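Novice: Here's a structure for you.
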Amino acid sequence: MNESPEKPSPVDMVCAEDLVLGYGANPILKDVNFCIHHGEIVTILGGSGCGKSTLLKGLIGLLPPSRGRILIGGKDVSSPGHADDLAAARRNIGVLFQSGALIGSLTLAENVALPIEEFSGLPGDLIADIVRMKLDMVKLSGFADYLPSELSGGMKKRAGLARAIALDPEVLFCDEPSAGLDPVTSAEMDELLLELNHSLGITMIVVTHELASIETISHRCIMLDRSARGIIAIGTPQELKSGSEDPRVHAFFHREALPNS
Ligand SMILES: Nc1ncnc2c1ncn2[C@@H]1O[C@H](COP(=O)(O)OP(=O)(O)OP(=O)(O)O)[C@@H](O)[C@H]1O
Ligand SMILES: [Mg+2]
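In my numbering, the protein residues as written are 3 to 263.
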């Protein structure tokens with residue numbers, strides 16, 4: 003879908019404008035345009051290899067776009083000339099990586115404390131209070147002294163989430179938060195994301211291809227397609243499931259094989 007760029011408004015938290023992302027000379031995503039509103043949960047979906055993680059890497063500043071702009075909280079974080087804006091925006095975003103990315107030799111409390119120690123300059127006892135509060139928010143109070151290797155997959159994801167929200171970010175990016183989890187644990191993760199969105203008003207951009215999660219947590223979805231090298235649909239899950247005439251969107255939401263695929 004080649005939409006013309008939406009004009010950023012004060013309620014927009016994250017905007018992509020005419021974005022092109024890729025590796026070397028090979029563009030993976032082209033003409034990417036969208037705005038995510040304050041407090042929204044938007045899922046990024048599509049088949050394997052369509053560029054979901056690539057888009058996420060672009061949005062969090064790990065992969066510089068070869069064209070276009072990314073605005074977070076109205077500030078351009080994508081141009082080399084805006085290093086200050088990027089640094090400020092980085093402090094305002096949390097990221098839950100697919101692997102959880104916890105440091106194996108540190109306890110949960112130490113893992114969650116790391117970003118607070120690095121960025122806040124707060125005294126140790128206050129940091130310990132904040133860490134307790136964050137672990138409580140993700141239902142891991144009582145596990146502060148555990149090492150990541152002593153936890154189940156779902157608990158590791160929740161610990162990664164506690165670290166991602168350690169600095170009270172306004173925007174949270176999650177890459178496949180329920181990948182590798184059983185259906186019940188995956189549903190618990192969805193509930194937790196919804197709870198954090200309701201109680202803290204965090205804007206969330208969640209990469210997932212799990213239909214149950216998509217239908218449970220999304221206010222809107224952005225669907226990518228590998229051969230289109232970009233966005234093929236944006237809308238609520240209901241709109242995409244029952245209102246799309248695009249066979250690729252229909253097939254995804256109804257778990258059908260595409261003809262000739
Ligand atoms: N570091 C890289 N260097 C070169 N190509 C890459 C790199 N990372 C990803 N790609 C390619 O970019 C394309 C999109 O990959 P990406 O990981 O963004 O897809 P995805 O939608 O997240 O897939 P999955 O659902 O399997 O996680 C793929 O063709 C992949 O091979
Ligand atoms: Mg991926």
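By construction, the Cβ of each residue, glycine as well, lies at the ideal position given by its N, Cα and C atoms.
Computed from a predicted structure; not experimentally measured.
1) So, helix, strand or coil for Phe145, using DSSP?
2) Would you please verify whether the beta carbon of Phe254 is less than 7 Å from any beta carbon of chain C?
3) Within the same chain, show all residues whose beta-carbon is closer than 7 Å to that of Val251, passing over the 5 residues directly before and after it, in chain order.
4) Which same chain residues end up closer than 7 Å to Asp20 when comparing Cβ atoms and leaving out the 5 residues on each side of it in sequence?
5) Within the same chain, show all residues whose beta-carbon is closer than 6 Å to that of Glu74, passing over the 5 residues directly before and after it, in chain order.
6) Leaving out five residues on either side along the sequence, give the residues of the same chain with a beta carbon under 6 Å from the beta carbon of Pro29.
7) Within the continuous beta strand (DSSP E) that includes Ala235, where are the two ends?
8) Given Ala253, which residues of its chain have a CB within under 6 Å of its CB, disregarding the five upstream and five downstream residues?
9) Would you list the one or two residues that DSSP bridges to Met157?
10) Measure the alpha-carbon distance for Arg134 versus Thr109 and round it to whole angstroms.
11) What number of angstroms, rounded off, separates the C-alpha of Ala27 from the C-alpha of Gly48?
12) Looking only at its chain, what residues have a beta carbon closer than 8 Å to the beta carbon of Leu151, apart from the 5 residues adjacent to it on each side?
Specialist: Taking the definition as stated:
1) In the structure shown, Phe145 falls within a coil segment according to DSSP collapsed to helix, strand and coil.
2) Absent here is chain C; the protein component of the structure consists of one chain.
3) Answer for Val251: Met225, Ile234, Ala235 and Leu242, listed in chain order.
4) Taking C-beta separations shorter than 7 Å and ignoring five residues to either side along the sequence, the partners of Asp20 in its chain run Pro7, Asp33, Asn35, Arg69 and Gly70, following chain order.
5) The sequence given here places Ile at residue 74; Glu does not occur at that position. When the five nearest sequence neighbours on each side are left out, the beta carbons in the same chain lying within less than 6 Å of the beta carbon of Ile74 are those of Val16 and Ala91, in order along the chain.
6) Hits under 6 Å: Val22.
7) Where Ala235 is concerned, the enclosing beta strand (DSSP E) stretches over Gly232 to Gly237.
8) The beta carbon of Ala253 sits closer than 6 Å to the beta carbons of Leu260 from its chain, once the five residues preceding and following it are set aside; these are given in chain order.
9) Per DSSP, none; premise fails for Met157.
10) Rounded to whole angstroms, Arg134 and Thr109 show a C-alpha spacing of 13 Å.
11) Rounded to whole angstroms, Ala27 to Gly48 spans 23 Å at the Cα level.
12) Here residue 151 turns out to be Ser, not Leu, going by the sequence shown. Gly106, listed in sequence order.
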